[in-house]
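Residue numbers (the UniProt record's numbering): 1 to 525. Backbone N, C-alpha and C define an ideal beta-carbon position, used for all residues, glycine too. The structure under discussion appears below in the form of structure tokens.
Have a look at this one:
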């Protein structure tokens with residue numbers, strides 16, 4: 001084949017490739033007025049909706065519109081004027097007015113002398129990719145605003161709770177602060193009236209002047225009632241909950257239970273400004289706000305400070321014989337050590353202590369006369385038999401607990417008791433010291449330490465477990481463990497333990513199995 005024929009084949013092949021390319025291709029002539037188009041391929045026509053005969057002789061700027069970024073247009077213009085290849089992303093408009101994102105690349109074509117003869121343009125529809133990028137950027141911006149808003153809300157609510165003195169005033173300040181947050185229209189807090197089985201209005205913010213104190217029937221199926229009974233966040237609309245009226249239009253609301261441990265102190269209702277408010281991330285944070293409020297309520301009711309993780313450790317020695325461990329150790333002429341405790345349904349505190357085998361005979365005698373000690377019972381046998389001490393309500397242990405103090409260790413031997421206590425820093429060590437000084441002579445503070453974080457202590461775990469156990473289950477479990485029931489070989493029997501509890505053997509095993517299930521759930525659940 002002749003060279004001329006080969007050149008003709010190459011030209012026809014290139015022309016066909018350009019015509020049928022899957023991307024829009026344009027060629028403009030800088031020698032024509034306004035660098036107008038002299039060629040567009042079929043893909044350009046499909047992409048833009050413009051027919052070739054309608055655009056040839058025009059500058060490609062006819063694709064631009066009101067929302068086209070001037071900065072991107074300027075960048076494209078600078079590249080053309082400097083005769084350099086340039087790529088930009090433009091919001092262009094099709095012939096029917098529909099917008100689309102266009103990735104435009106323009107490059108100069110030069111002759112043998114290096115002079116620019118034409119500009120070739122490649123245009124690719126990147127609408128799907130660009131919209132995904134813009135949506136992601138918008139979501140990130142929205143998330144940033146949400147995080148800023150939420151962080152501010154959490155910080156402000158925590159600040160109000162930490163410095164609040166009166167619960168009513170503190171709750172009012174909290175609902176005002178939440179209602180003032182962007183995207184929230186109003187707030188309400190309801191407290192349970194257990195006698196009437198209702199939730200009654202405690203405080204509210206931004207409801208209209210005709211708002212009447214809302215009373216929620218807890219036997220009903222309203223979103224607020226479900227939030228209280230289910231102890232979980234429930235979403236609802238204003239139409240679903242009669243009595244919620246606002247000064248302006250609003251969307252749905254979230255009912256957040258105020259839960260701390262096993263106690264539900266009420267429900268916080270937050271109304272969004274529109275149906276897009278209160279997404280899953282906000283609900284997680286509002287649930288945290290609810291827990292924070294409930295924790296503060298619990299702290300106030302139990303006289304525990306809000307900085308309960310900041311602890312004071314106190315160690316005392318007590319020689320006063322009116323302190324029951326001292327009296328018992330002297331009576332038995334043997335050491336004793338606290339191993340656990342359980343609160344009975346009658347309010348009596350049951351302490352489990354171990355001591356020496358020689359105490360066996362002493363426990364059959366009348367217990368020493370000392371504060372609130374009502375009975376002393378030996379449980380099981382072995383070298384270190386378990387002794388159950390029953391204390392009536394109002395004992396020193398109860399008074400310590402009321403002040404947020406936890407007994408970590410308690411031992412007594414040869415007329416001296418050693419007592420280790422942890423107490424929230426907010427309560428202060430002085431309160432505990434004065435309590436014990438008023439009760440006992442021969443009291444000495446031997447150690448005082450401050451600790452920033454509360455470790456997971458045995459006493460803390462036992463306290464959590466005891467909250468789950470009934471008094472019979474707790475007694476059965478502690479008695480079985482400390483009396484050697486789980487030893488191999490056993491040093492006590494189910495019959496002996498049942499007799500010590502005053503129940504039948506099957507009943508004892510029923511309580512013990514229930515306690516074992518709850519113990520395993522607490523450890524493994």
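Compute the Euclidean distance between the alpha carbons of residue i and residue j, then round it to the nearest angstrom.
i, j, result
"residue 106", "residue 74", "13 Å"
"residue 377", "residue 411", "18 Å"
"residue 306", "residue 390", "Its pLDDT being 36, under 50, residue 306 is placed unreliably by the model, and the measurement read from it follows with that caveat. Approximately 32 Å, taken between the alpha carbons."
"residue 99", "residue 134", "15 Å"
"residue 126", "residue 18", "20 Å"
"residue 421", "residue 222", "46 Å"
"residue 67", "residue 201", "51 Å"
"residue 129", "residue 404", "59 Å"
"residue 94", "residue 270", "45 Å"
"residue 473", "residue 140", "52 Å"
"residue 435", "residue 320", "14 Å"
"residue 237", "residue 255", "10 Å"
"residue 490", "residue 431", "45 Å"
"residue 266", "residue 514", "31 Å"
"residue 334", "residue 387", "12 Å"
"residue 528", "residue 406", "Residue 528 cannot be examined here, being either before or after the span of the chain that is shown, 1 to 525."
"residue 70", "residue 51", "26 Å"
"residue 517", "residue 136", "48 Å"
"residue 104", "residue 280", "40 Å"
"residue 318", "residue 158", "40 Å"
"residue 35", "residue 22", "24 Å"
"residue 204", "residue 190", "9 Å"
"residue 193", "residue 520", "35 Å"
"residue 1", "residue 20", "Residue confidence is low: residue 1 scores 39 on pLDDT, short of 50, so the model does not pin down where it sits. Its coordinate-derived value is still stated next. C-alpha separation (whole angstroms): 26 Å."
"residue 72", "residue 45", "23 Å"
"residue 14", "residue 145", "53 Å"
"residue 188", "residue 228", "14 Å"
"residue 138", "residue 47", "27 Å"
On a CA-only basis, which of the options is nearest residue i? Give me that one, please.
i, options, result
"residue 282", "218, 265, 182", "182"
"residue 327", "349, 504, 370", "370"
"residue 82", "424, 108, 102", "108"
"residue 351", "397, 320, 334, 310", "397"
"residue 494", "509, 14, 373", "509"
"residue 523", "407, 417, 486, 468", "468"
"residue 354", "481, 521, 101", "481"
"residue 142", "451, 231, 278", "278"
"residue 356", "471, 379, 348, 349", "379"
"residue 88", "31, 62, 123, 111", "123"
"residue 408", "507, 423, 286", "423"
"residue 485", "512, 232, 399", "512"
"residue 311", "429, 337, 451, 160", "451"
Spell out the partners DSSP gives residue i in its beta bridges.
i, result
"residue 350", "342, 390"
"residue 254", "235, 270"
"residue 197", "Bridge partners of residue 197: none, in fact."
"residue 184", "272"
"residue 539", "The structure shown does not extend to residue 539, since the chain spans only 1 to 525, so no value can be given for it."
"residue 336", "412"
"residue 445", "316"
"residue 28", "37, 119"
"residue 205", "187"
Contact between the segment 286-297 and the segment 259-269 is defined here as three or more beta-carbon pairs at a separation below 8 Å; is this criterion met? With a cut-off of 8 Å, the segment 259-269 and the segment 286-297 count as touching, because enough Cβ pairs lie within range.
Tell me the start and end of each unbroken beta strand (DSSP E) in the segment 60-108 that is at least 3 residues and wholly inside, in chain order. Entirely contained in the segment 60-108, the beta strand (DSSP E) runs reaching 3 residues are, in chain order, 86-93.
Hey, which unbroken runs of the alpha helix (DSSP H) at 4 residues or more fall wholly within the segment 474-509? For the alpha helix (DSSP H) assignment, the uninterrupted runs of no fewer than 4 residues enclosed by the segment 474-509 are, from N- to C-terminal side, 494-501.
Considering only residues of the segment 37-61, which uninterrupted alpha helix (DSSP H) runs meet the minimum length of 4 residues and lie entirely inside it, listed in chain order? You should have 42-48, 52-55.
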